[in-house]
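Undergrad: Dropping the structure in here first, questions after.
Numbering (this note's numbering), first residue to last: 29 to 106.
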């Protein structure tokens, strides 16, 4: 299911409900080979990019750090 589909109201809710349904998961395993017990990501309407666009642009100092963090917004994670 692509990012475009999750912008339609209730598509994310429906996809999440289907992914938790045993009958649907068995059909998914039979047709596409996705194991019925494999963990699947939940779909969200508010993407990572939208969440970060609403966040403050300047980080607040929290003390000494030991390194950097990189966040990648991929098609899987966004």
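Built from N, CA and C at the ideal position, the CB exists for glycine as well.
Between the Cα of residue 38 and the Cα atoms of 56, 72, 61 and 63, which residue gives the shortest distance?
TA: Nearest C-alpha to residue 38: 72.
Undergrad: Less than 7 Å between C-beta atoms, sequence neighbours within five positions excluded: which residues of the same chain meet that for residue 51?
TA: none
Undergrad: Quick one: measure Cβ to Cβ for residue 64 and residue 57, integer angstroms, because I've assumed they're closer than 8 Å.
TA: Confirmed, about 5 Å.
Undergrad: Our contact map puts residue 76 next to residue 43 with C-beta atoms below 8 Å; I'd like the distance itself, whole angstroms only.
TA: That belief does not hold up - the Cβ atoms of residue 76 and residue 43 are roughly 17 Å apart, past 8 Å.
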